[in-house]
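Structure, as structure tokens:
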Amino acid sequence: MPYVPIEWLREHVDVPAGLSAEQLATDLVRVGLEEERIVPPAVTGPLVVGKVLSLEAKEQTNGKVINYCRVDVGPEHNDAPGTGKEPSELPSRGIVCGAHNFDVGDSVVVCLPGAVLPGDFRIAARKTYGHVSDGMICSARELGIGEDHSGIIVLQQWLAEHGHEGEEPPAPGTDAIGILGLGEEVLEINVTPDRGYCFSMRGVAREYSHSTGARFTDPADATDTGLYPNGLAPAGEGGFDVVIPEDPRPIHGRPGCDRYVARLVRGIDPSAPSPAWMQDRLTAAGMRPISLAVDVTNYVMLDLGQPLHAFDAGKLTAPIVVRRAQEGERLTFLDDVTRTLDPEDLVISDSPEGEGSRALVLAGVFGGALSEVDAETRDVLIEAAHFDPVCVARSSRRHKLPTESSKRNERGVDTELAPIAAQRAVDLLVEYGGGTAEPVATDVNRTRAPESITMRSDAAERLTGVAYGTDRVTELLTTIGCAVEQIGPADDGTALLAVTPPTWRPDLVGPAHLAEEIARLDGYDAIPVIVPTAPAGTGLSTDQRARRDVVRALADAGLTQVLSYPFIGDIHDLLEIPASDPRRQAVRLANPLAEDAPYLRTSVLDSLVEVARRNVSRGLADVAVFEIGSVTHPAGTVPAPIPGTDNRPSDAELAALRAGIPAQPTHVGAVMIGERTRTGVLGSGRRWDWADAIEVVRTAAGALGLEIVVIAPEQPYAPWHPGRTAEIRLPGLRRGKKIEPGALVAHAGELHPRVVRALGLPERACAVEIDLDPLLEAVRSSGALQVKAVSTFPAAKEDIALVVDEAVTAAQVEDLVRQAVGELGEEVRLFDVFRGAQLGEGKKSLAVSLVLRAPDRTLTAEETASVRKRVVKRAAKLLGAELRS
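Numbering-wise, UniProt numbering puts 785 at position 785 of the sequence shown, and it's gapless, one number per residue.
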């Protein structure tokens, strides 16, 4: 994110004296530039000017020579070793220093005990080399204002280098933080992708002017003779030869490069340092000073927003060619890493005789080592170009090279800025490097002027409710650099405006964008707070109510609702899902959040077991969780082409898109582990078991007023235990004498022991997977839930014990009893299962409790006996059951 040093900002806009970073953040947030953080000063604590009174060189046993100095650091900080008149006896501090570039009488920068230097380096008095060093005489690198560590800062020299030649250093004891520019807080701001022009001091200063009304001076105004006394160099013959052939692979019809400016500066002193003020500003902006040529390009980029690149002209062979990379072409970058380029990458190349075209730079992203500016460079070619933002963004991400240059290019750079930025860089190289600029610039310009946008003058009012008026709208749009012309009235008499955005605002492409600018500049706080009136509706849909009823019922039953990520990896292997199972067919994400989870789940249990496993690993022994959510089944999905954005998709394209969307049914999953009822003083607890898992399905169906049928599956179904799993369906439909099975609703029971071990779960863990869509369909087809009136007549109770074969399931007996008792049956409940020798081999007794009640009368004994006989007779006929005596 961009850093905003206040002193640098002051160069372009009238900033009030004493402006704090906090106030600056408040001013900028009004125009949409949010504060990221405020960077505190690099140095805190006592940092003062000191004057060297004496210097005693002492050679140590290791051969190193150190200086023991007495330094006057002002009356407030000096100690008093004596009362004599010798320098060593005057009030001062003793400091040990290993540097040798200073002498008695020099003014230096002294860091006193209690100060904190960059890197959290805390200063304290300590004994070293036989003396107590009561502070530290500082170098530029120790203070974080440069890379020079060869010697300490001598203020006489430092002031001369920073434009204060002949000025005497301040008196000893003077605070040095302000002198060195170390006391300034720096604001770091967050810039949204559509406002790339704010990645520059020019853009931030403009926005500060919009916020406060302060006078703004555009540093890119080529007509300002104060900024550019000689004007811009004319473009024409004689400049460095640049060729931009027709782009064979334009993106969205836009060429990779539509403007390229080249300027040549000869005879630069390779040893010339960057001016101290420039190094200070680069450091404050978070960049490291490197060399004059590189620092100039970085400084101009930060100041104006135009990325530049400096070539060693002696390493180039004309012409410069802007082209797409060749298949398999490789480029060694400035970080000494050689990368293989993609044919979509845009590169800057040259054409040395006999070698073919050489890629030199990944355009708009990162420079190459072949043309790098080094310590021998005397001739520098400055590149200032306008590249396609999408092309730069894709190259930056493809090669994982997010650079300061790519951040600006991919957000869109002012198409008119290239020659101005190049001239600025040339002027700085000439002034501080002693070079000579070629009088002619190369400027290949194929840019197009921004197109005019037609908008109603009340477009912003219709969106915000604020009556701006045509004059105010025109004023605000003109403020941001738009050309506004009134072209006539609309049908209702509202003024129509033709608005041409400035070249530095490529994000303004429609009336909605202009309306947003009007609201932003006038102030979001001016928009009235009005709670909109909710339109009358029908409330929740049937499906929405049903889903909420299921969630509420399961939560009331003691389960905890959770939400897991629907992305999975190798979980199907752990669940032992067979290779031929349709659940193995999963949709793979193009850009997964995690490389080990690239698929969308096909079952809620795919992700829910991970939640259970994580809770168990954190020490929770008793877990009962459920989740309701979508799963993805890609079977039958037909890939569809993405339609264009130039017009509305046709019906055929929409149909193809719908066919390309995989089925996403709603499922409910649950995992139960450990004790359902805790062991306590009232008795022993009870673990969750397979019957509880089935009851979860009954609870969900009961909340919707639906009945279900529980049967044993004919085949094992992973990941459940083959003998402790139930297949649960809706009631079947009778077709003559045959009953067709109902829709499959769920599987419930214990997980397979191997799966439990693979997942690291406790033994006898239970799980449920419910397909909610058949239940919702049943609710929709049956309409509203039918509720019977509560009968006030007494109930009759009967217990019936039937002896059946082992192969007969309790569900079969229960279903038969319900059919036999008919409308009089209020409750049918299995309460006992008995096996014994007296029953015979392969037999069992199932005892069923009946509660019978009529809605309009008290049942007689004869009616109750008739129901009992009917149950026994039907059980004998259909199941071969006998009444247990």
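Built from N, CA and C at the ideal position, the CB exists for glycine as well.
{"query": "Compare the beta carbon distance of A124 and T44 with 8 Å and say whether it is the shorter of the two.", "result": "no"}
{"query": "DSSP three-state label for V804, please.", "result": "strand"}
{"query": "Judging by CA-CA distance, which residue of L575, T792, V871 and L593 is the nearest neighbour of E610?", "result": "L575"}
{"query": "Should residue 887 and L417 be called a contact, given that it needs their Cβ atoms to be closer than 8 Å?", "result": "Past the boundaries of the shown model lies residue 887; the chain is included only from 1 to 885, so the question cannot be answered."}
{"query": "Taking three-plus beta-carbon pairs below 8 Å as touching, is the segment 576 to 593 in contact with the segment 642 to 659?", "result": "no"}
{"query": "Among the candidates R37, A726, G119 and M278, whose CA atom is the shortest distance from the CA of D295?", "result": "M278"}
{"query": "For A875 and A579, what's the separation of their Cα atoms in angstroms?", "result": "42 Å"}
{"query": "Closest to R764 by C-alpha separation, out of L264, A652 and A621, would be which residue?", "result": "A621"}
{"query": "Tell me the DSSP secondary structure of H513 in three-state form.", "result": "helix"}
{"query": "Please list, in chain order, all residues of the same chain as V104 whose beta carbon is under 8 Å from its beta carbon, the five residues on each side excluded.", "result": "V52, L53, S54, L55 and P87"}
{"query": "For I152, name the three-state secondary structure that DSSP assigns.", "result": "strand"}
{"query": "From V484 to D194, what distance separates their C-alpha atoms?", "result": "22 Å"}
{"query": "With a threshold of 16 other CB atoms inside 10 Å of the CB of S866, please say whether the residue is buried or exposed.", "result": "exposed"}
{"query": "Counting along the chain, where does the beta strand (DSSP E) carrying G238 start and finish?", "result": "Where G238 is concerned, there is no enclosing beta strand (DSSP E), given that its DSSP letter is neither H nor E."}
{"query": "Are the beta-carbon atoms belonging to L605 and G702 less than 8 Å from one another?", "result": "no"}
{"query": "Is the segment 424 to 435 touching the segment 453 to 467, taking contact as three or more C-beta pairs under 8 Å?", "result": "no"}
{"query": "Using 8 Å for Cβ pairs, my map puts T494 next to S457. What's the rounded Cβ distance?", "result": "6 Å"}
{"query": "Please return the same chain residues whose Cβ sits closer than 7 Å to the Cβ of P273, not counting the five positions on each side in sequence.", "result": "L292"}
{"query": "Below 8 Å CB to CB, which residues in the same chain sit around I179 once its five sequence neighbours on both sides are set aside?", "result": "V49, L155 and P170"}
{"query": "Determine, using beta carbons only, whether G345 and L316 come nearer to each other than 8 Å.", "result": "Before going on, a small fix: residue 345 reads as Asp here, not Gly. In this structure, L316 does not lie closer than 8 Å to D345 by Cβ."}
{"query": "Give me the Cβ distance between A624 and G558, rounded to the nearest whole Å; I'm assuming they're in contact under 8 Å.", "result": "6 Å"}
{"query": "Using 10 angstroms around the beta-carbon of V426, count the other beta-carbons present and answer buried if the total reaches 16, otherwise exposed.", "result": "buried"}
{"query": "Give the single residue among V872, P419, A712 and T474 whose Cα lies nearest to the Cα of R818.", "result": "V872"}
{"query": "Please list the terminal residues of the continuous alpha helix (DSSP H) segment that includes A418.", "result": "A418 to G433"}
{"query": "Between which residues of its own chain and E22 is the CB-CB distance below 7 Å, once the five residues before and five after are set aside?", "result": "I38"}
{"query": "Could you tell me whether the segment 395 to 402 touches the segment 357 to 377, where touching means 3 or more Cβ pairs closer than 8 Å?", "result": "yes"}
{"query": "Could you pull the DSSP bridge partners for G50 from this structure?", "result": "V108"}
{"query": "To test your reading of the DSSP string, which unbroken beta strand (DSSP E) runs of 3 or more residues are found completely within the segment 749 to 775?", "result": "766 to 771"}
{"query": "When you compare each of S541, A655 and H747 to A691 by their alpha carbons, which one comes out closest?", "result": "H747"}
{"query": "Below 6 Å CB to CB, which residues in the same chain sit around V444 once its five sequence neighbours on both sides are set aside?", "result": "V242, I244 and Y260"}
{"query": "Does DSSP put K315 in a helix, in a strand, or in coil?", "result": "helix"}
{"query": "V347 to C391, Cα distance in whole Å?", "result": "11 Å"}
{"query": "Taking its Cβ as the centre, do 16 or more other Cβ atoms sit within 10 Å of Q423, making it buried, or is it exposed?", "result": "buried"}
{"query": "Using CA coordinates, which residue listed in R206, V29, V509 and A235 is at the minimum distance from T442?", "result": "A235"}
{"query": "Please state whether DSSP places Y197 in a helix, a strand or coil.", "result": "helix"}
{"query": "For V726, which option in I770, L282 and L704 has the closest C-alpha, if you only look at C-alpha atoms?", "result": "The residue you asked about is not Val; residue 726 is Ala in the sequence shown. Answer by Cα proximity: I770."}
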